[in-house]
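Trainee: For the sequence shown, numbering that gives the first Met the number 0 gives the first residue as 0, with consecutive numbering after it. Encoded as structure tokens, here's the structure I'll be asking about.
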Amino acid sequence: MAVTGRSDNVDVYVSLHGIDTKTCGSQSLPCRSMAQAVYRVGHGGNIYLDGRGTKKRPYGCRKGRNILMDHPGIYVNKSLTVRGFYSTPHVLCTDGFHFQKTNGEQLTFALVLSGIDFQQTPLNCNDCQRITIHNCSFHNTSRALAIKIQNTASFQLDIKGNSTFRNNSQCINVLLLNNIREKSRDVTLKIKDTEFEKNGLYRHGTGRDVIIIRSYAKKGSPPVYIHIFFCRVKSSYNQGPFLHLDVSNAITNETFVDVDLHHHGERHGKRNRRLYFSHARETKAKFISLTCHNNPKKQCIVVQSDWANIVIQNSTFYNQSVDSKYSGSCLSLAVSFNASLRIVNSNFHNNEAGAGGSIFADSKHGFLKFDLTNVIFSKCKAVEYGCVISIGRTAKGHPKSDRGPHRNVTVEQWEGNNGKRTPRCIAIDVLLDGGIVTLEGSTFTKEMLSRGDGAFKLVTTGGKSNITISNCIFRDISMDARRGKIVHIASVNGNAGMVTISNSFMEGEKNRKIALFISPKYHIKLFNVTFNSLKYGLLAKSSSQKKGPFPMDIFIDDCSFIDNTYDAMFAL
0 MAVTGRSDNV
10 DVYVSLHGID
20 TKTCGSQSLP
30 CRSMAQAVYR
40 VGHGGNIYLD
50 GRGTKKRPYG
60 CRKGRNILMD
70 HPGIYVNKSL
80 TVRGFYSTPH
90 VLCTDGFHFQ
100 KTNGEQLTFA
110 LVLSGIDFQQ
120 TPLNCNDCQR
130 ITIHNCSFHN
140 TSRALAIKIQ
150 NTASFQLDIK
160 GNSTFRNNSQ
170 CINVLLLNNI
180 REKSRDVTLK
190 IKDTEFEKNG
200 LYRHGTGRDV
210 IIIRSYAKKG
220 SPPVYIHIFF
230 CRVKSSYNQG
240 PFLHLDVSNA
250 ITNETFVDVD
260 LHHHGERHGK
270 RNRRLYFSHA
280 RETKAKFISL
290 TCHNNPKKQC
300 IVVQSDWANI
310 VIQNSTFYNQ
320 SVDSKYSGSC
330 LSLAVSFNAS
340 LRIVNSNFHN
350 NEAGAGGSIF
360 ADSKHGFLKF
370 DLTNVIFSKC
380 KAVEYGCVIS
390 IGRTAKGHPK
400 SDRGPHRNVT
410 VEQWEGNNGK
420 RTPRCIAIDV
430 LLDGGIVTLE
440 GSTFTKEMLS
450 RGDGAFKLVT
460 TGGKSNITIS
470 NCIFRDISMD
480 ARRGKIVHIA
490 SVNGNAGMVT
500 ISNSFMEGEK
510 NRKIALFISP
520 KYHIKLFNVT
530 FNSLKYGLLA
540 KSSSQKKGPF
550 PMDIFIDDCS
560 FIDNTYDAMF
570 AL
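If you want it as structure tokens, here you go:
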């Protein structure tokens with residue numbers, strides 16, 4: 000049903016008691032069908048739907064007079080606003096609404112929907128420039144909102160005002176087609192006060208994504224600038240991803256404030272295991288007051304871009320678990336080049352993965368800046384590396400450099416989920432070529448028996464690493480039969496850098512543990528460190544046979560050794 004006529008009517012009214020005529024549309028003589036109202040309204044005009052009686056008799060795709068029967072559904076090629084009045088109007092049109100900008104049309108093509116309940120009614124928009132949805136609901140649709148962008152330079156979607164999406168197979172699909180003009184484009188998504196619930200239960204060939212943004216453009220194509228702002232958004236009991244962004248030529252700027260992701264289903268498949276996914280040229284994303292919990296076999300945040308800058312602030316992650324072949328149940332950051340990750344004032348509890356129980360981070364060909372401040376980890380576990388955090392442990396490479404201070408980090412009761420033949424995981428496991436690592440004012444405590452091993456391990460594979468640990472407490476007093484190492488710092492090359500530990504306390508239980516196991520290839524400085532109830536306070540031992548001259552440089556000042564089997568031992 001193609002609606003292509005032009006009219007100068009600014010306001011057109013529709014009612015179940017109206018009649019479709021050539022002159023209908025006034026409040027006293029309303030039209031009966033939405034199709035006739037679209038035909039009667041002028042460009043940029045308003046259609047008012049009377050909601051009375053539509054819950055039992057929803058508006059459909061009923062044809063009006065002078066409507067062309069070329070296509071199913073209702074086709075629209077002009078900007079308009081559709082609003083409900085008196086009460087919420089209900090619309091049921093299985094063939095859907097199709098908004099198509101006319102080639103060569105110079106006027107802005109914009110759509111506004113306000114206060115409407117859409118049931119089994121897909122909205123399809125081709126080259127729309129702006130869509131605003133306010134206080135609308137979408138139910139039981141294979142794909143609620145499908146957007147194709149090809150011949151327009153900019154697009155913006157605004158959803159707000161307590162809008163809801165329920166029981167749809169897919170909610171929002173944005174497809175970027177090849178741009179024949181070969182110019183950059185801007186795409187903006189703003190979603191506020193919106194709830195997505197129980198979507199993706201039935202696939203219907205459309206996928207199960209809540210929101211998907213994808214492109215057919217090649218990696219070297221002109222950039223697409225994607226701006227995303229979500230605020231007070233809830234996503235629960237959905238089967239597919241919350242946001243799947245796969246645009247290889249995109250440069251993104253994303254902000255998520257007060258977003259709650261919980262109880263997503265256990266659907267299998269690569270896409271379905273990630274709630275937020277970004278594959279772009281550059282990803283810049285900030286998560287503020289994000290809550291992600293109780294999503295079995297799903298990772299909260301996965302970034303696989305060339306460059307990335309991620310900030311997580313005032314957020315909570317708990318009861319997250321993924322299969323043992325995946326790393327980072329809460330965050331997996333694996334970029335090709337440089338990455339920055341900053342986590343502030345956040346909590347991670349009872350999360351589990353194959354490696355990096357809560358967090359995995361790697362930049363296989365570049366630099367990684369990783370900053371933790373005021374972060375608490377408790378009862379996190381992994382099968383292999385990093386019960387809590389794993390950095391750089393991947394067959395594809397590890398960071399050339401890791402820079403970043405970690406301040407006021409609390410790690411409690413980390414655990415391994417390994418078998419008898421698998422080495423026990425370390426709480427924080429770092430593998431890098433070289434860099435600067437600072438751990439300040441932090442506490443590592445393991446009091447109950449667990450299959451977790453030490454608190455911190457760092458291995459330098461190529462360059463130099465300068466490691467500074469100050470004002471920290473390490474207490475491993477669990478009744479663990481294995482001895483293990485609380486802090487393990489190793490290197491595979493000579494002159495590995497410097498390790499400085501000051502104003503810190505290290506305690507074991509019944510002389511089972513090694514407090515510090517440090518390769519003598521580092522310059523070692525200890526200031527005001529207390530060692531209590533340990534097998535070894537300091538064990539400086541080379542992991543490989545010495546090749547050529549190898550001077551040792553160890554400085555110990557004002558340290559206390561209490562009730563240890565060996566205070567210090569040095570072995571080459």
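Glycine included, each C-beta is placed from N, C-alpha and C at the ideal position.
#1: Anyone know if the C-beta pair for K463 and G496 falls short of 8 Å?
#2: What is the DSSP secondary structure of Q35, counted as helix, strand or coil?
#3: Taking the alpha-carbon positions, what's the I212 to S277 distance?
#4: Label S559 either buried or exposed according to how many other C-beta atoms from any shown protein chain fall within 10 Å of its C-beta, with 16 as the threshold for buried.
#5: When the Cα atoms are used, what is the spatial distance from D566 to G440?
#6: Are N563 and N502 close, meaning C-beta to C-beta below 8 Å?
#7: Would DSSP call R273 helix, strand or coil?
#8: Measure the C-alpha to C-alpha separation of N344 and A514 and round it to an integer number of angstroms.
#9: Please state the DSSP three-state secondary structure of F364.
#10: If you draw a straight line from the C-alpha of N178 to the C-alpha of N150, how long is it?
#11: Can T187 and H226 be called in contact, C-beta distance under 8 Å?
#12: Specify, as a first and last residue, the run of the beta strand (DSSP E) that F504 falls within.
#13: Less than 6 Å between C-beta atoms, sequence neighbours within five positions excluded: which residues of the same chain meet that for V458?
#14: Indicate the three-state DSSP secondary structure (helix, strand or coil) for A279 in the structure shown.
#15: Assign S304 to buried or exposed, taking buried as 16 or more other Cβ atoms, counted over all protein chains shown, within 10 Å of its Cβ.
#16: Which word fits F569, buried or exposed, when buried means at least 16 other C-beta atoms lie within 10 angstroms of its C-beta?
#17: By the 10 Å Cβ neighbour count, where 16 or more other Cβ atoms means buried, how is Q26 classified, buried or exposed?
#18: Determine the DSSP secondary structure at R165, reduced to helix, strand or coil.
#19: Classify Y236 as helix, strand or coil using the three-state DSSP reduction.
#20: Given this structure, state the Cα-to-Cα distance separating R297 from S326, to the nearest angstrom.
#21: Taking the straight line between their C-alpha atoms, what separation do you get for V382 and L367?
#22: Comparing alpha-carbon positions, which option in S113, C386, D157 lies nearest E414?
#23: So, at 6 Å on beta carbons, what are the nonlocal neighbours of I300 in its own chain, with the 5 sequence-adjacent residues on each side left out?
Mentor: The short version:
#1: yes
#2: helix
#3: 10 Å
#4: exposed
#5: 24 Å
#6: Not in contact: N563 and N502 (Cβ atoms no closer than 8 Å).
#7: strand
#8: 28 Å
#9: Here residue 364 is His; the residue named in the question, Phe, does not match the sequence. Look at H364 here: in three-state DSSP terms it is coil, with no helix or strand label.
#10: 6 Å
#11: One thing to note: T187 has its Cβ within 8 Å of the Cβ of H226.
#12: 496–506
#13: L430, A489
#14: coil
#15: buried
#16: A residue is called buried once 16 or more other Cβ atoms fall within 10 Å of its Cβ, and F569, having fewer, is exposed.
#17: Exposed is the label assigned to Q26, since fewer than 16 other Cβ atoms lie within 10 Å of its Cβ.
#18: strand
#19: coil
#20: One detail in the question is off: residue 297 reads as Lys in this sequence, not Arg. Using only the alpha carbons, I get a separation of about 11 Å.
#21: In a straight line, the C-alpha of V382 is about 24 Å away from that of L367.
#22: C386
#23: Y275, L330
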